[in-house]
Amino acid sequence: MTNQHAAGEHHFTLTERMKILSEGTKYDSCNQSAVCHAFGPDGRCIQLYKTLLTNACAGECTYCPNRCGRHSTRTSLTPEEIVRITWSFYRRNAVEGLFLSSGIIGDAERTAEKQLEVARLLRSQGFTGYIHMRVMPGTPLYLLEEIADYANKFGVNAETTSSVNYSEICPNFDYTSDVLQRLQWTRDLIKRKRHEVGYGGRIVGANDTQFVVGALNEPDRDIIGTVDKFMVEYELRRPYFMSFDPVPSTPLENQLPSPRWREIRLYQTSYLLKDYGLKAFDFDAVYDDNGFLVDTDPKILLAMSHPERFPVNVNSASREELLLVPGIGPVSANRIIQSRPISSEKELMRMGIVISRARPYLEINGRRQTNLSSFMGAGA
Numbered sequence: 001m002t003n004q005h006a007a008g009e010h011h012f013t014l015t016e017r018m019k020i021l022s023e024g025t026k027y028d029s030c031n032q033s034a035v036c037h038a039f040g041p042d043g044r045c046i047q048l049y050k051t052l053l054t055n056a057c058a059g060e061c062t063y064c065p066n067r068c069g070r071h072s073t074r075t076s077l078t079p080e081e082i083v084r085i086t087w088s089f090y091r092r093n094a095v096e097g098l099f100l101s102s103g104i105i106g107d108a109e110r111t112a113e114k115q116l117e118v119a120r121l122l123r124s125q126g127f128t129g130y131i132h133m134r135v136m137p138g139t140p141l142y143l144l145e146e147i148a149d150y151a152n153k154f155g156v157n158a159e160t161t162s163s164v165n166y167s168e169i170c171p172n173f174d175y176t177s178d179v180l181q182r183l184q185w186t187r188d189l190i191k192r193k194r195h196e197v198g199y200g201g202r203i204v205g206a207n208d209t210q211f212v213v214g215a216l217n218e219p220d221r222d223i224i225g226t227v228d229k230f231m232v233e234y235e236l237r238r239p240y241f242m243s244f245d246p247v248p249s250t251p252l253e254n255q256l257p258s259p260r261w262r263e264i265r266l267y268q269t270s271y272l273l274k275d276y277g278l279k280a281f282d283f284d285a286v287y288d289d290n291g292f293l294v295d296t297d298p299k300i301l302l303a304m305s306h307p308e309r310f311p312v313n314v315n316s317a318s319r320e321e322l323l324l325v326p327g328i329g330p331v332s333a334n335r336i337i338q339s340r341p342i343s344s345e346k347e348l349m350r351m352g353i354v355i356s357r358a359r360p361y362l363e364i365n366g367r368r369q370t371n372l373s374s375f376m377g378a379g380a
């Protein structure tokens, strides 16, 4: 990309272009503001300046406001401008790094070259902050290898669960070769970088991807099954979920939006997969007849579907048994084990346990709720 604006662009101020391009990242893992939140390998929340290089795009994704042929305001930032803006935010401690995506500039190779230019410029100027790249489907391996030399984290969006679905909403790319192959390459590059000596001390983030929820009528069972598979095959750490919202002048403009609660429930389920050791088939009992989640905490639904497991003895239960209890997470389960014996609810509350959720499922010194089923029904 050069200093010349793309054909058809208006001449906007830098501030106007920043706003337009931050809003254009709606379907790139972050909400519409100049700053987004990502998570490092240690789980810490990281604030990043997020932007597109350009919202002009050669792709025809049916849900996307930036799709080719849609009449909308188009603009761009040069790599040099993005570097200056990132430094400005970074020096004021407003952000800890950069989240960079883009519309497709001709093809995936050219787009990745421009993203790489941004990362090179930043690092050559001594930038030690976090760089997260959202690369395009079809990005060549040699460019992914170079991006891995500069970025802390990079990945490609899967968007959906199968080749058939992908061809419907992203007709310019092939799911197997342009997406799944890139997820595999990213996995391998991340593993290699983590084991290299002298990588400059930079944290190397895990593989990540994103699903657009509700653009197609794929059930949550399929999404959760795909996430579980990706965690095994591509060492996926965290999936992102973006609720579909119909955009005027796109092929899906008349489709109903996906309720935000569905996105939230999918995030909760993904945490149970990654942090609690559950598998996709464990959720078979909590779907409705069509394979969709309902608007209730899935961990509570799992507990309600297996009353034979409860209550568990807080002083003798294994870590795995404690993790099945609503209101107890990995950190608080470890605290329980380290602090035994436990004799009261107050002790559990001091450890961060949500006692209103957990108490019906626990036995403490032989004491349990007298009517477990009634509490289980009210726990949501």
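No gaps in the numbering here: position 22 of the sequence shown is 22 in full-length UniProt numbering, and each next residue is one more.
We put the CB at the ideal spot given by N, CA and C, even for glycine.
Since the structure is predicted, the reported quantities are computational estimates derived from the model, not experimental observations.
- The Cβ atoms of R238 and A280 do not sit closer than 9 Å to each other.
- If you check the CB distance, F241 and S270 come in under 9 Å.
- Here the region 142 to 159 makes contact with the region 110 to 122; the two share three or more CB pairs at distances below 8 Å.
- Boundaries of the beta strand (DSSP E) harbouring S101: G97 to S101, taken from the DSSP string.
- DSSP places H195 in the helix class (H, G or I) of the three-state scheme.
- Scanning its chain for C-beta atoms nearer than 7 Å, with the 5 sequence neighbours on each side dropped, one finds around T111 the residues S102, I104, I105 and M136, in chain order.
- In the structure shown, K346 falls within a helical segment according to DSSP collapsed to helix, strand and coil.
- For D275, the enclosing alpha helix (DSSP H) has its first and last residue at R260 to D275.
- Annotated as proximal: L100 and L52, with beta-carbon spacing under 9 Å.
- The shortest C-alpha to C-alpha distance from R221 to any of L77, L180 and P298 is the one to P298.
- Residue pairing by DSSP places Q210 opposite Y240 in a beta bridge.
- Rounded to the nearest whole angstrom, the CA to CA distance from P171 to W185 is 22 Å.
- Listed in chain order, the non-local C-beta contacts of K114 below 8 Å within the same chain comprise M1, L53, P79, S102 and I105, local neighbours out to five positions each way being set aside.
- DSSP places L183 in the helix class (H, G or I) of the three-state scheme.
- The Cβ atoms of A94 and Q47 sit closer than 9 Å to each other.
- In the three-state DSSP reduction, R359 falls in the helix class (H, G or I).
- If you draw a straight line from the Cα of V286 to the Cα of L256, it comes to about 24 Å.
- By alpha-carbon distance to E345, the top candidate from R367, Q210 and E218 is R367.
- Per the coordinates, the alpha-carbon of L272 lies some 45 Å from the alpha-carbon of F12.
- By the neighbour-count criterion, in which a residue is buried when 16 or more other Cβ atoms sit within 10 angstroms of its Cβ, Q210 is buried.
- Residue environment: C45 is assigned as exposed (fewer than 16 neighbouring CB atoms within 10 Å of its CB, all protein chains considered).
- Contact annotation: E218 and N254 have beta-carbon atoms that are not nearer than 9 Å.
- DSSP, read as helix, strand or coil, puts G59 in coil.
- If the five residues before and after P140 are omitted, its C-beta is found closer than 8 Å to the C-beta atoms of A108, E109 and A112, all from its own chain and listed in chain order.
- Between F292 and R260, the gap from beta carbon to beta carbon reaches 9 Å or more.
- For G277, the closest alpha carbon among the candidates P341, R319, N55 and I364 is that of R319.
- The alpha-carbon separation between I131 and F154 amounts to approximately 8 Å.
- Between R84 and the set C68, E60, H71 and L14, the nearest pair of CA atoms involves L14.
- If you draw a 10 Å sphere on the C-beta of E159, you find 16 or more other C-beta atoms in it, and that means buried.
- With contacts defined by Cβ atoms closer than 9 Å, R187 and N157 do not form a contacting pair.
- In the three-state DSSP reduction, T139 falls in the coil class, being neither helix nor strand.
- Going by DSSP, I223 is part of the alpha helix (DSSP H) stretching over D220 to E233.
- For Y287, no beta strand (DSSP E) run applies, since DSSP gives it neither H nor E.
- Contact annotation, A358 with V331: C-beta distance approximately 14 Å; criterion of less than 8 Å not satisfied.
- If you look at F89, you'll find it in the alpha helix (DSSP H) that goes P79 to R91.
- In the structure shown, T54 falls within a strand segment according to DSSP collapsed to helix, strand and coil.
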